[in-house]
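Heads up: the sequence shown begins at 17 in our numbering, then just goes up one per residue.
All residues carry an ideal CB built from backbone N, CA and C; glycine is no exception.
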Amino acid sequence: MTEETLTLDPERTALLAELATARAALVTTTRDLTDEQAGARPTASALCLGGLIKHVASVGEGWMRFVVEGPSAMTYDLPEAPWNEPGGVRSARQVLVHVIAETAQHTGHADILRESIDGRTAS
């Protein structure tokens, strides 16, 4: 039996590397936290680091299922917003770029939360 190697084009390789970098930064932000710290809500919002990780993971999974299975994979309707055009079509590339942007944005939120919890910053 031979093993096939999947070769990605340079754009896919770059996009997937960027997503991996954003995810790694998010995970690094939560390193060495206790369960209590991961559940802490140090700001006026209800955000906590544990919840943020769960959110990024579940929403990212949902969007990737959308790419593979189509709109029927979404477990909820997208909210009305200028960027969620009713009946709009998204390419796999557009979805991946969206997931990268959202992950990076939430990583910034995580940095703020972590610094509020114990003063640690990402750098």
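Nearest neighbour of residue i, chosen from the options [CA to CA]
{"i": "Thr119", "options": "Leu35, Pro87 and Thr23", "result": "Leu35"}
{"i": "Ile8", "options": "Pro98, Gln121, Leu31 and Gly55", "result": "The structure shown does not extend to residue 8, since the chain is modelled only from 17 to 139, so the question has no answer here."}
{"i": "Val141", "options": "Leu49, Pro87, Ile116 and Gln121", "result": "Since the first residue of the chain shown is 17 and the last is 139, residue 141 is not available in this structure."}
{"i": "Arg130", "options": "Lys70, Thr44 and Met80", "result": "Thr44"}
{"i": "Gln110", "options": "Glu27, Glu19, Thr21 and Glu20", "result": "Glu27"}
{"i": "Leu112", "options": "Gly78, His125 and Thr50", "result": "Gly78"}
{"i": "Ser107", "options": "Phe82, Pro95 and Ile128", "result": "Phe82"}
{"i": "Ala30", "options": "His125, Ile116 and Asp127", "result": "Ile116"}
{"i": "Thr50", "options": "Gly66, Thr21 and Gly135", "result": "Gly66"}
{"i": "Leu94", "options": "Leu68, Thr123 and Val75", "result": "Val75"}
{"i": "Arg136", "options": "Leu22, Asp48, Ala73 and Glu20", "result": "Asp48"}
{"i": "Ala73", "options": "Thr59, Thr123, Glu96 and Val84", "result": "Thr123"}
Where the alpha helix (DSSP H) containing residue i begins and where it ends
{"i": "Met80", "result": "Leu65 to Glu85"}
{"i": "Glu27", "result": "Pro26 to Thr45"}
{"i": "Ala56", "result": "Premise fails: Ala56 is in no alpha helix (DSSP H) and is neither H nor E."}
Own chain partners of residue i with C-beta closer than 8 Å, once the 5 adjacent residues on each side are dropped
{"i": "Cys64", "result": "Ala54, Gly55, Ala56, Arg57 and Leu129"}
{"i": "Leu24", "result": "Leu32"}
{"i": "His114", "result": "Trp79 and Arg106"}
{"i": "Ser61", "result": "none"}
{"i": "Thr59", "result": "Ile128, Leu129 and Ser132"}
Close-in-space but distant-in-sequence residues of the same chain around residue i (CB under 6 Å, 5 per side omitted)
{"i": "Ala89", "result": "Arg81 and Phe82"}
- Determine contact between the stretch 39-46 and the stretch 97-106, defined as no fewer than three beta-carbon pairs at a distance below 8 Å. No, the stretch 39-46 is not in contact with the stretch 97-106.
- Task: Could you pull out every unbroken beta strand (DSSP E) segment of at least 3 residues lying fully inside the stretch 101-134, listed in chain order?
- Result: Unbroken beta strand (DSSP E) stretches of 3 residues or longer found wholly inside the stretch 101-134: none.
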